[in-house]
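Only one structure is covered here, and it is reproduced in the block below.
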Amino acid sequence: MKFVETDPSSGYAVKAYTDGQLIIDEKVFTSSLILMPNKVIPDWGPENFQSLSADDFEQIAELKPDLVLLGTGEKHCFPSPALYHALVNAGIGLETMTTPAACRTYNILMSEGRKVAAALLLG
Numbered sequence: 134m135k136f137v138e139t140d141p142s143s144g145y146a147v148k149a150y151t152d153g154q155l156i157i158d159e160k161v162f163t164s165s166l167i168l169m170p171n172k173v174i175p176d177w178g179p180e181n182f183q184s185l186s187a188d189d190f191e192q193i194a195e196l197k198p199d200l201v202l203l204g205t206g207e208k209h210c211f212p213s214p215a216l217y218h219a220l221v222n223a224g225i226g227l228e229t230m231t232t233p234a235a236c237r238t239y240n241i242l243m244s245e246g247r248k249v250a251a252a253l254l255l256g
């Protein structure tokens, strides 16, 4: 699935998502990652939704985004509230969706100048 072009000065954007790989500004990623307008954190801990832990959400909370988009892979899943307690305590919003939907939503919010983080599971 290819996405529309964005202004590169806006920040890192997802160019495409296909079969377990992401293309972000011409670089290919094949493992779960955290994406923000000003940084890409490759090889984020969990390989898939089932391996998510509270520590993974604490790592995201330390980045202090206003909103986190959790891309749960090809299937939409909801994490237990106990897992994302760090986000709630920090007043950070969480939206869960499939990874392709999270990529599209991230690109839109990033282009609007929002302080958004996309935690994208590829497995």
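So for the sequence shown, my numbering puts the first residue at 134; every next one is plus one. We put the beta carbon where it would ideally sit given N, CA and C, even for glycine.
Counting only residues of its own chain and dropping the five nearest sequence neighbours on each side, E159 has a CB closer than 8 angstroms to the CB of K148.
Collapsing the DSSP output to three states places I241 in a helix.
Setting aside the 5 residues that flank it on each side, E228 is surrounded in the same chain by L202, each with a C-beta closer than 6 angstroms to its C-beta; the list follows chain order. When C-alpha distances from A250 are compared across T151, L155, P170, the shortest belongs to P170. Taking the Cα positions, V173 is about 8 angstroms away from Y145.
Annotated three-state conformation of A187 is helix, per DSSP. With 16 or more other Cβ atoms inside 10 Å of its own Cβ, I193 counts as buried.
With contacts defined as CB atoms closer than 8 angstroms, E207 and T231 qualify as a contacting pair.
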